[in-house]
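Notes for the one structure printed next.
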Amino acid sequence: HGSGPCNSSMFWNKLVMDVAILASAGSGDLPKSFYQVAIDCPGYARSPGDKQSIRSYPGALISNIVRALGRKTVACLVGSSQGACATLNCALECPKLMHTLAVVHPVGHAPHRYTAIAQPS
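Numbers given in the working numbering equal positions in the sequence shown, counted from 1, plus 7.
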């Protein structure tokens, strides 16, 4: 998720519930089921810890979460604002962790680095 007083994992939980309702209604090509995890990064919203960990070590933090869930990869890594920055940096550090990325309102501290992320052709 991004930063700000109203942004937390609860934003993503609501969004995913909206998508689940659409999927159960048979809307479009949405899958009938999926597995999602929304996190509050250390030091943000309801999570204790050092805020710097997601900024300095996004690949390590996110890959540790994926492994803790018993998975090796994720279908899609999604982030908004500062979370998008973490998503993009994680893609650079751990390119085999996710199959696709989705970012909303991305911010970046060194966006020129993102040109190294493989794009579909």
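Glycine residues also receive a C-beta, built at the ideal position from the N, C-alpha and C atoms.
- Straight through space, the alpha carbons of Ser-87 and Ile-28 are spaced by roughly 22 angstroms.
- Rounded to whole angstroms, the separation of the alpha carbons of Leu-95 and Pro-118 is 9 angstroms.
- Residue pairing for Ser-87: DSSP places it in a beta bridge opposite Val-111.
- Sequence-distant partners of Leu-68 (beyond 5 residues in either direction) whose C-beta falls short of 6 angstroms from its own C-beta, in its chain, are Ser-60 and Ile-61.
- Bridge pairing for Val-73: absent [DSSP].
- Assigned with DSSP and collapsed to three states, Val-81 falls in strand.
- For Ile-61, the enclosing alpha helix (DSSP H) starts and ends at 59 to 63.
- Between Ala-82 and His-106 the beta-carbon gap is near 5 angstroms, inside 8 angstroms, which marks them as a contact.
- Between Cys-101 and Gly-115, the beta carbon gap of about 17 angstroms keeps them out of contact (Cβ cut-off 8 angstroms).
- Ser-63 counts as exposed, since fewer than 16 other C-beta atoms from the protein chains shown sit within 10 angstroms of its C-beta.
- The three-state reading of DSSP puts His-116 in coil, since its state is none of H, G, I, E or B.
- With 16 or more other CB atoms across the displayed protein chains lying within 10 angstroms of its CB, Ala-98 is buried.
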